[in-house]
Each structure stands twice: as C-alpha cells, then as structure tokens.
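Each position in the sequence shown, counted from 1, maps to that position plus 2 in our numbering.
For each residue, glycine too, the CB sits at the ideal point set by N, CA and C.
As the structure is a prediction and not an experimental result, all values here were calculated from the model.
All remarks here apply to the structure that follows.
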Amino acid sequence: MNAKNLSERLKKVASFVEENTVLADIGSDHAYLPCYLVLSGKIQRAIAGEVVQGPFDSAKRQVSQEGLANHIDVRFGDGIAVIREEDNVQTITIAGMGGPLIASILEAGKDKLAKVDCLIVQPNIHAKAIREWAIQEKWMIVEETILEEHDKIYEILVLKQGSMNLSEKELLLGPILMEEKSDIFIQKWSNELAEWERILEQLEKTVSTNEILLKKEELVHKISLVKESL
Ligand code: SAM
3 MNAKNLSERL
13 KKVASFVEEN
23 TVLADIGSDH
33 AYLPCYLVLS
43 GKIQRAIAGE
53 VVQGPFDSAK
63 RQVSQEGLAN
73 HIDVRFGDGI
83 AVIREEDNVQ
93 TITIAGMGGP
103 LIASILEAGK
113 DKLAKVDCLI
123 VQPNIHAKAI
133 REWAIQEKWM
143 IVEETILEEH
153 DKIYEILVLK
163 QGSMNLSEKE
173 LLLGPILMEE
183 KSDIFIQKWS
193 NELAEWERIL
203 EQLEKTVSTN
213 EILLKKEELV
223 HKISLVKESL
C-alpha cells in the first residue's frame, strides 16, 4: 500500500470524504489517506495527526516525498488536540483502531467538534462503542458499510450532527448494516456467533462463580440477539 495505491479499506473511507472539505485524519500513520485524497484532487487541505514518533516521522516523510507539504500539515499530538480553531476542519477521519479507542479520542476532543460536519470512522473491532458515543453526543449515523480485505472484516460509519435512537440490536450490529444484511455482514456475525458458542461451551465445563454466571448470561443474550437478526 502507498499513497497512490491505497488498501480497499482506506479507499472506502476516502470514498465518503466530500469534495473540497478540510480534513483532519487522526492516527494517520503514513498519512496515506490524506495524501491519496489530495493527489486525487478530491481535497486541497488536510491535517495528519499522530501521537507516536515513528508514525509521525513516516507521515512527515511521505508528505514531503509527495511534494504535498503546502497541502497537508503533519502534527504531533494526542487525538483531536492537534486541530486548531483557525483550521476550520469540516471532516474528521479516524481509521484502523478499535472502536473503544476511537470513541475515547472523540470524547476527549468533543469540545472541538461543534463546527465539524462529518466524522468518518473505521473501527477494526467493537463498533458498538462508537454508536454508544454517537447517541450520547448527538451524532447520527448517515452511512454504514462493511467490507472484507485480507481475511479481515471492517466496518465504516459516517456520522453527522443530529440525534438518533438505536435499539440494542442496532447498537451491536449497526442500523444500516443489519437492514442491508450483506454476505459479509452475515459472515462477520456467523464468525462471532461460532466464537461465542465455543466460549460458552468452555464456560459450561468450569466451576460456576458469580463472574462466570454473568459472563454466560451475557453470551447467551448476545447469541440470541444476533441469531434473531441473521
Ligand atoms: N489510520 C491509519 C490506517 O487506517 O491505516 C493508521 C492506523 S494505525 C493501526 C493507528 C495509528 O493511530 C497509529 O499510527 C497510532 O500511533 C495512532 N494513534 C493511536 N492513538 C492515537 C491518538 N490518541 N492520537 C493520534 N494518533 C493515535
């Protein structure tokens, strides 16, 4: 993968970015996503944020190699703290991390989101944490997609400002994804079901403490939620 030849996962994230928006890509690593978007002419200006020195240096190098230093500002810092008011950022992308980490980055930076139009997030696991955060902070899901690449399944959520209500099933599975019920969605949740059933079987064989009983109850509940939806 490089800035001209993105992974299918990041290409899909890029496809949700609106033309000429001002973008902040948080946890940008090599800054492939903002470089790709500027090189393709879709956007003119971006900030690439990184909190770890190695990826920050890679992002700096990549932006300079592509000759994009006038378009992409690579900044060292934690999450949304790298965004300044005068940047007028309209879109934030956060990709390739767990859902709880993405939700914690959004929560820590929520004071800077008032003028942001669109959040595009790609959790590797536990997208539910982001849906919970979105309900609490009044963001609504306008698009969701699911894709498979190199035997891994990824979800992408696009959020805009506004309220939404989600049922327990929708929180877990995604309101749009469970409606569409694509083959990849069915595969993802069939894999999860098989794993939960395997764990439940193991737990049935162990001595029951309160903790194990609670875990078993939680698994039985999640298994029935997902079975009803497939
Ligand atoms: N976004 C790229 C992608 O999807 O391919 C890179 C994903 S990489 C697995 C996650 C990156 O997020 C790492 O480079 C890590 O240093 C960075 N990161 C993690 N927590 C962060 C935070 N709080 N603020 C900024 N960057 C963060």
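From C120 to V91, what does the alpha carbon distance come to, in whole angstroms?
Their backbone Cα atoms lie some 10 Å apart in a straight line.
Of the residues A116, E145, I96, K140, which one's Cα is nearest the Cα of N311?
A query on residue 311 cannot be resolved here, the shown segment of the chain reaching from 3 to 232 and no further.
Going by the CB atoms, is the gap between E157 and E146 shorter than 8 Å?
It is a contact, given that the beta carbons lie within the stated cut-off.
Go ahead and pull the three-state DSSP assignment for K62.
K62: helix per DSSP, three-state reduction.
What residues match up with K156 in a beta bridge as DSSP calls it?
The amino acid occupying residue 156 in the given sequence is Tyr; Lys does not appear at that position. Answer is L149, bridged to Y156.
State yes or no: is the C-beta of I74 nearer than 7 Å to some heavy atom of ligand 1?
No - ligand 1 has no heavy atom lying nearer than 7 Å to the Cβ of I74.
Identify the residues that DSSP records as bridge partners of W141: which are they?
According to DSSP, which records beta bridges pairwise, W141 is partnered with Q163.
On a Cα-Cα basis, can you pick out the residue from A136, L216, L215 that is closest to P177?
Among A136, L216, L215, the Cα nearest to that of P177 is on A136.
Here's the rule I'm using: 16 or more other beta-carbon atoms within 10 Å means buried, otherwise exposed. How should T93 be labelled?
Buried, by the Cβ-count rule.
Report yes or no: do three or more beta-carbon pairs, one from the stretch 107 to 116 and one from the stretch 68 to 88, lie closer than 8 Å?
These segments touch.
Can you tell me whether V209 is buried or exposed? The criterion is at least 16 other CB atoms within 10 Å of its CB, across all chains shown.
So V209 counts as exposed.
Answer yes or no: the CB of P57 versus the heavy atoms of ligand 1, is any distance below 7 Å?
For ligand 1, at least one heavy atom lies less than 7 Å from the Cβ of P57.
Are L179 and I225 touching if we call contact CB-CB under 8 Å?
No, the pair does not count as a contact, with Cβ atoms beyond the cut-off.
May I ask whether a heavy atom of ligand 1 can be found less than 7 Å away from the beta carbon of S17?
Because no heavy atom of ligand 1 lies under 7 Å away, the Cβ of S17 does not count as near it: no.
Under three-state DSSP, which class holds D27?
Note: D27 maps to strand in three-state DSSP.
What three-state label does DSSP hand A105 in the structure shown?
Helix, per DSSP.
Take E52 as the anchor and find which of D89, I122, A33 has the nearest alpha-carbon.
Cα-wise, what sits closest to E52 is A33.
Go through its chain and collect everything with a Cβ distance to L8's Cβ below 8 Å, but skip five positions before and after it.
So the list reads A16, Y34, L35, Y38, once near-sequence residues are dropped.
Quick check: the Cα distance between A48 and M142, rounded to an integer number of angstroms?
The alpha-carbon atoms of A48 and M142 are separated by roughly 24 Å.
Can you give me the C-alpha to C-alpha distance between R11 and S30, rounded to a whole angstrom?
If I take the Cα positions, the gap works out to 14 Å.
Shortest alpha-carbon distance to Q55 belongs to which of V65, F78, S42?
Ranking the options by Cα distance to Q55, first place goes to F78.
Compute the beta-carbon to beta-carbon distance between L232 and I188, rounded to the nearest angstrom, for a pair I have assumed lies under 8 Å.
Contact flag correct, Cβ pair sits at about 6 Å.
Just tell me which of L221, G164, L173, S165 has its CA closest to the CA of A131.
Of the listed residues, the one whose Cα sits closest to A131 is L173.
I'd like to confirm the pairing. Which residues does DSSP put opposite P125 in its beta bridges?
P125 is bridged to M99.
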